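Participant: Got a structure here, written out as structure tokens. Questions coming.
2 protein chains.
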Amino acid sequence: MIFDKTQVKARSEQLALSLTRRLGAAQVVTDRDILESYAKDESSCEPCCPDVAIRARSLEDIVATLEEALQLGVPVTARAGGTGKAGGAIPIYGGCVLDVSRMKQVLEIDKTDLVAVVEPGVVTGELHAQVEAMGLFYSPDPNSLETCCIGGNVAHNAGGPRAFKYGCTRENVLGLEAVLMGGAVHQVGKRTIKGVAGYDLTALLVGSEGTLALTSKAVLRLRRKPEALTTLLARFSDEASATQTVARTIEAGLVPRVLEFMDATVVETLRQAGAGSVPEDTSALLLCEFDGPTESAVEADALRFADICEEQAALDVLAARHVGERNALWAARRDMSNAIKKRAAFKVAEDIVVPRSKAPAMLEGMRRIGERHKTLVAAYGHAGDGNYHVNVLWDDPQYDPHPAVDDLIRLVLSLGGTITGEHGIGVAKRRYLPWEKSEAHLALQRGLKSQFDPAGLLNPGKIF
Amino acid sequence: MIFDKTQVKARSEQLALSLTRRLGAAQVVTDRDILESYAKDESSCEPCCPDVAIRARSLEDIVATLEEALQLGVPVTARAGGTGKAGGAIPIYGGCVLDVSRMKQVLEIDKTDLVAVVEPGVVTGELHAQVEAMGLFYSPDPNSLETCCIGGNVAHNAGGPRAFKYGCTRENVLGLEAVLMGGAVHQVGKRTIKGVAGYDLTALLVGSEGTLALTSKAVLRLRRKPEALTTLLARFSDEASATQTVARTIEAGLVPRVLEFMDATVVETLRQAGAGSVPEDTSALLLCEFDGPTESAVEADALRFADICEEQAALDVLAARHVGERNALWAARRDMSNAIKKRAAFKVAEDIVVPRSKAPAMLEGMRRIGERHKTLVAAYGHAGDGNYHVNVLWDDPQYDPHPAVDDLIRLVLSLGGTITGEHGIGVAKRRYLPWEKSEAHLALQRGLKSQFDPAGLLNPGKIF
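Taken in sequence, the protein lines are chains A and B.
With the working numbering, letter number 151 in the first sequence gets 151, and the count goes up by one each step, no holes.
For any residue, its number in the working numbering is found by taking its place in the second sequence, counting from 1, and adding 464.
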């Protein structure tokens with residue numbers, strides 16, 4: 001569905017009036033300067049300013065907004081932390097941004113049922129701290145965890161390094177309170193791990209990028225916080241040894257909670273930035289963590305991993321058991337984003353996944369694409385999952401990265417992979433979705449969208 | 465949608481003719497005696513004979529059947545192992561049964577990607593044996609694993625004891641080849657663990673009980689076979705100590721792969737049947753298994769579990785490390801179904817889930833329901849998940865178990881539980897689904913069904 005922005009603007013003014021009446025002026029934003037802050041997320045997609053923003057403080061505020069918006073025909077784009085990487089929170093037709101970042105209550109933490117019930121504006125890292133203080137654990141750890149929120153994590157099925165062992169957000173959401181365009185409130189899912197009463201709409205809503213329903217409450221699965229944790233950093237003189245190590249680690253039945261790969265270009269970038277203190281002879285890094293209930297179990301896993309690294313001719317393997325040491329080993333991985341930003345004036349960040357066995361072919365192919373298109377390509381990411389963040393970097397403002405990215409996506413699909421592992425489609429990857437999914441299949445998906453949102457007002461222009 | 469059986473019968477005769485032409489007579493069953501074998505599953509639901517059955521041998525056969533059935537308006541009920549417990553495979557309006565049990569090829573097993581690609585008629589236990597011979601592991605282990613098939617497991621999101629650690633079928637299906645009514649073939653999902661390109665239709669199709677699409681191929685997630693395994697059987701003189709042990713085990717951060725509970729009535733039933741050799745003073749049993757990559761890790765977990773049992777005044781804890789010993793400890797759990805069948809002339813088996821903390825209240829309430837309704841109620845099941853199989857047992861042919869079952873379901877819902885953890889709704893639990901889900905929510909679910917199957921011909925009368 002395509003909207004006329006002038007019409008949307010006029011209707012949005014009406015929406016501002018009626019919601020000012022219902023909710024009070026404090027929750028309705030029409031000040032242009034503040035609205036500008038809702039125009040973009042952390043993607044490189046073109047910003048677009050909403051015509052009005054509503055600061056929701058409760059379920060009732062969300063319901064009121066979606067009731068009035070449907071009546072007036074105003075598109076609504078939900079926003080929590082605004083940290084998305086694919087433009088999902090950008091209101092591309094203007095209209096209303098529904099900001100849930102003030103709904104930040106942790107409503108319940110249950111130690112026996114291992115369940116937390118939270119509002120969508122809860123910051124993921126703050127939830128981590130709160131449950132960990134009680135000896136519990138919420139596993140999804142997207143890179144933006146200091147600023148991203150559970151609402152956005154649910155909308156995008158956020159992952160993170162620990163997803164390899166513990167699953168992405170979908171595997172850690174048991175139920176949702178979801179509000180449909182028009183304001184109908186649905187209790188979806190359950191409070192228990194098992195449950196097969198009817199279709200699993202929880203799994204469908206997680207990752208639907210705010211196009212089907214909005215989350216007003218999430219029932220999350222907790223675990224006990226693992227008592228023991230070991231971090232290892234292995235250096236390799238070539239990428240192939242590192243990817244071989246990944247394959248052998250999985251084949252040995254080890255289940256690290258983190259298994260992060262950094263390629264030669266990333267290593268070189270870190271070195272140029274003076275970050276992470278990586279020696280000259282390094283061409284690839286693997287950062288690996290094992291957790292478990294006891295030191296001895298974790299220790300045994302760490303030793304087996306170190307043995308595999310040695311068999312694959314690792315230059316060295318450093319291990320950390322304490323916080324200070326651990327931070328030192330994570331320095332390279334943590335400094336990477338900034339180092340990459342400094343390496344070139346412009347970048348496009350893709351977020352592809354290939355079957356684990358295809359990682360060497362992907363890295364090799366990626367290198368050739370960089371040469372062919374005269375651009376720098378750097379890859380790092382969650383090697384256990386085969387989920388690599390591939391950055392195309394360039395300095396010339398005239399350079400068009402699309403041919404290189406197109407080739408990268410073709411390569412990934414030819415290897416049996418998928419175009420996005422964590423970031424979602426949003427606006428940024430709409431071009432590529434039909435390369436992966438058939439037209440008939442996308443028609444079926446649009447049909448599902450029409451069941452939830454027949455007027456097409458919920459985050460229009462996203463995914464499809 | 466309700467169908468006129470006479471009309472369905474007439475149209476089915478036409479379907480038999482046209483499919484005999486397309487597929488050959490060998491695949492089209494119209495012999496009444498053979499059709500009778502398709503009339504029931506392993507539920508106590510009323511049998512219903514189909515008018516025709518098609519024995520599919522390939523994707524093309526499924527496509528042909530669904531093409532012709534849509535044109536002629538014939539309801540189609542898919543069937544793999546026929547081991548369902550809720551009547552999902554019973555063709556309640558007659559019409560066509562599409563039997564996929566001959567599609568039993570394991571098409572691919574990949575050790576590095578840890579993926580298997582299988583046809584829907586592959587028997588779950590046979591897949592276990594095949595991958596385990598290669599040092600791999602497919603975790604879902606429904607009780608019927610010797611006869612049930614992957615197609616049915618996918619349709620019902622089958623669980624089993626190991627689901628506590630490794631998830632149900634949904635968590636172990638990466639992608640599907642799915643055929644819609646009318647014959648359209650969709651490639652759904654992916655071959656990698658991560659992937660967020662569009663809505664997650666894999667998760668939606670798993671557990672949809674053959675009402676949305678049929679599985680012609682499943683891409684399954686494998687793991688490495690755990691090298692080490694320890695089995696423990698703990699006896700308790702009261703149920704409360706056993707449920708306390710479950711709660712403490714979870715709170716201690718232990719993740720057993722199996723944590724099975726048997727209540728006082730089950731124990732007494734085993735004793736009466738002379739099964740499992742359970743001593744007189746026992747009122748509850750816990751069967752627990754830990755697996756892992758090394759003996760020492762598994763040993764440490766087993767010791768901690770034994771300590772917790774002791775703190776909760778277990779009568780004794782037996783441990784097994786070898787096959788013979790293990791079989792002895794599993795004897796009680798394995799003999800249980802038969803012992804329960806012998807205990808009374810009639811039974812209804814429910815499959816409820818309650819939050820872990822509510823297990824004592826559930827068992828206590830269940831006991832009171834038994835007393836009030838003058839019936840025997842026996843519970844066993846997956847205590848880690850809070851998923852209990854509750855059997856209502858009686859001998860008098862005039863006895864109506866429904867008031868007791870109604871009260872049980874009310875109890876479960878009042879405790880924040882769900883009416884089915886593994887078996888699904890099918891026909892058997894249609895009465896109770898509206899007790900758990902609102903009418904508006906079920907209308908939304910029916911709307912999704914109409915997107916996949918506008919004519920309402922795929923397994924009609926199930927779930928809703």
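Every residue gets a Cβ at the ideal spot worked out from N, C-alpha and C, and that includes glycine.
Quick caveat: nothing in here was measured; it's all calculated off a predicted structure.
Checking contacts by CB at 8 angstroms: is lysine 347 of chain A closer than that to chain B?
Facilitator: Chain B contact via Cβ: absent.
Participant: Please identify, using Cβ separations under 9 angstroms, the residues of the stretch 562 to 589 of chain B that lie next to chain A, in order along the chain.
Facilitator: Against chain A - using a Cβ distance shorter than 9 angstroms - the residues of the stretch 562 to 589 of chain B are Asp574, Lys575, Thr576, Asp577, Leu578, Val579.
Participant: May I ask you to report which of helix, strand or coil DSSP gives glutamine 272 of chain A?
Facilitator: Here glutamine 272 of chain A sits in helix by DSSP.
Participant: Quick check on the DSSP output: the beta strand (DSSP E) that includes valine 353 of chain A runs from which residue to which?
Facilitator: Taken as a continuous stretch (DSSP letters only), the beta strand (DSSP E) holding valine 353 of chain A covers 346 to 353.
Participant: Going by the DSSP bridge assignment, what does histidine 441 of chain A pair with across the sheet?
Facilitator: Histidine 441 of chain A pairs with nothing; no bridge assigned.
Participant: Starting from lysine 55 of chain A and walking both ways along the beta strand (DSSP E), at which residues does that stretch end?
Facilitator: Checking the sequence shown, residue 55 of chain A turns out to be arginine, not lysine. Per DSSP, arginine 55 of chain A belongs to the beta strand (DSSP E) from 52 to 55.
Participant: Only counting runs of 3 or more residues, tell me where the beta strand (DSSP E) segments fall wholly within the stretch 678 to 756 of chain B, in order along the chain.
Facilitator: Runs of the beta strand (DSSP E) inside the stretch 678 to 756 of chain B: 678 to 685, 692 to 700, 722 to 726, 748 to 756.
Participant: Indicate whether leucine 254 of chain A and arginine 333 of chain A have their beta-carbon atoms separated by less than 8 angstroms.
Facilitator: Going by C-beta atoms, leucine 254 of chain A is not nearer than 8 angstroms to arginine 333 of chain A.
Participant: Give a yes or no on whether 8 angstroms exceeds the smallest Cβ distance from arginine 790 of chain B to chain A.
Facilitator: With 8 angstroms as the cut-off, arginine 790 of chain B does not count as an interface residue toward chain A.
Participant: For valine 493 of chain B and proline 514 of chain B, I'd like the C-alpha separation in whole angstroms.
Facilitator: Those two C-alpha atoms are separated by around 10 angstroms.
Participant: Which residue comes first and which comes last in the alpha helix (DSSP H) that contains isoleucine 109 of chain A?
Facilitator: Per DSSP, isoleucine 109 of chain A belongs to no alpha helix (DSSP H); it is in the beta strand (DSSP E), 106 to 110.
Participant: If contacts are defined as beta-carbon pairs under 8 angstroms, then glycine 81 of chain A and cysteine 168 of chain A qualify, I think. What distance do you get, rounded to the angstrom?
Facilitator: About 17 angstroms separates the two Cβ atoms, so there is no contact after all.
Participant: Measuring CA to CA, which of B/Val670, B/Leu640, B/Ala667, B/Met598 is closest to arginine 687 of chain B?
Facilitator: The shortest Cα separation from arginine 687 of chain B among B/Val670, B/Leu640, B/Ala667, B/Met598 belongs to B/Met598.
Participant: Cβ of histidine 905 of chain B less than 8 angstroms from any chain A Cβ?
Facilitator: Closer than 8 angstroms to some Cβ of chain A, the Cβ of histidine 905 of chain B qualifies, so yes.
Participant: Which residues in chain A sit within 8 angstroms of glutamate 774 of chain B, going by Cβ to Cβ distance?
Facilitator: Result: empty, since nearest Cβ-Cβ is about 18 angstroms, beyond 8 angstroms.
Participant: Given 7 angstroms as the limit, tell me if methionine 567 of chain B has its C-beta closer than that to any heavy atom belonging to the ligand ZN.
Facilitator: Ligands displayed in this structure: none; no statement on the ligand ZN is therefore possible.
Participant: Note down, in chain order, every chain B residue with its Cβ under 7 angstroms from the Cβ of serine 208 of chain A.
Facilitator: What serine 208 of chain A touches in chain B: Tyr663.
Participant: Taking the C-alpha atoms as reference points, what is the distance between threonine 746 of chain B and valine 856 of chain B?
Facilitator: Cα to Cα, threonine 746 of chain B sits roughly 21 angstroms from valine 856 of chain B.
Participant: Tell me, which residues are paired with threonine 541 of chain B by DSSP?
Facilitator: B/Val561.
Participant: Where threonine 343 of chain A and valine 117 of chain A are concerned, what is the direct C-alpha to C-alpha distance, given to the nearest angstrom?
Facilitator: As written in the sequence, residue 343 of chain A is arginine, which differs from the threonine given in the question. Computed Cα separation, rounded: 42 angstroms.
Participant: If we cut at 8 angstroms on Cβ distances, does leucine 35 of chain A have a partner in chain B?
Facilitator: So no, leucine 35 of chain A is outside the interface.
Participant: Which residues in chain A sit within 7 angstroms of isoleucine 657 of chain B, going by Cβ to Cβ distance?
Facilitator: Going along chain A in sequence order, the residues near isoleucine 657 of chain B (Cβ under 7 angstroms) are Asp385.
Participant: Below 6 angstroms CB to CB, which residues in the same chain sit around cysteine 74 of chain A once its five sequence neighbours on both sides are set aside?
Facilitator: According to the sequence as given, residue 74 of chain A is valine; it is not cysteine. Correct list, in chain order: Arg11, Ser12, Leu15, Gly95, Cys96.
Participant: Which of helix, strand or coil does DSSP assign to aspartate 396 of chain A?
Facilitator: In this structure, aspartate 396 of chain A counts as coil in the three-state DSSP scheme.
Participant: Can you tell me where the alpha helix (DSSP H) holding histidine 592 of chain B begins and where it ends?
Facilitator: From DSSP, the alpha helix (DSSP H) with histidine 592 of chain B extends over 588 to 596.
Participant: Our contact map puts leucine 879 of chain B next to valine 818 of chain B with C-beta atoms below 8 angstroms; I'd like the distance itself, whole angstroms only.
Facilitator: Confirmed, about 5 angstroms.
Participant: Of all the CB atoms in chain B, is at least one closer than 8 angstroms to the CB of cysteine 168 of chain A?
Facilitator: Closer than 8 angstroms: yes.
Participant: Using DSSP bridges, identify the partner residues of tyrosine 388 of chain A.
Facilitator: For tyrosine 388 of chain A, which the question treats as bridged, DSSP gives the partners A/Ile352, A/Gly381.
Participant: Report yes or no: do three or more beta-carbon pairs, one from the stretch 747 to 754 of chain B and one from the stretch 723 to 737 of chain B, lie closer than 8 angstroms?
Facilitator: In short, these stretches touch, since the Cβ pair count reaches three.
Participant: With aspartate 563 of chain B and tyrosine 502 of chain B assumed to form a contact (beta carbons below 8 angstroms), what rounded beta-carbon distance in angstroms separates them?
Facilitator: The Cβ separation is near 7 angstroms, so the contact holds.
Participant: Applying a beta-carbon distance threshold of less than 7 angstroms, which residues of chain A neighbour asparagine 621 of chain B?
Facilitator: Here the neighbours are Val196.
Participant: Drop a sphere of 10 angstroms on the beta-carbon of valine 482 of chain A, count the other beta-carbons inside from all chains shown, and report buried for 16 or more, exposed for fewer.
Facilitator: Nothing can be reported for residue 482 of chain A, as the shown portion of chain A is limited to 1 through 464.
Participant: Taking the alpha-carbon positions, what's the glutamate 596 of chain B to asparagine 791 of chain B distance?
Facilitator: Using only the alpha carbons, I get a separation of about 18 angstroms.
Participant: In its own chain, which residues sit with a C-beta less than 7 angstroms from the C-beta of serine 902 of chain B, not counting the 5 before and 5 after it?
Facilitator: Nothing meets the Cβ criterion.
Participant: What residue range is occupied by the uninterrupted alpha helix (DSSP H) comprising valine 154 of chain A?
Facilitator: That run of the alpha helix (DSSP H) goes 150 to 156.
Participant: Nearest by alpha-carbon distance to lysine 658 of chain B: which of A/Pro140, A/Gly370, A/Val185 is it?
Facilitator: Closest by alpha carbon: A/Pro140.
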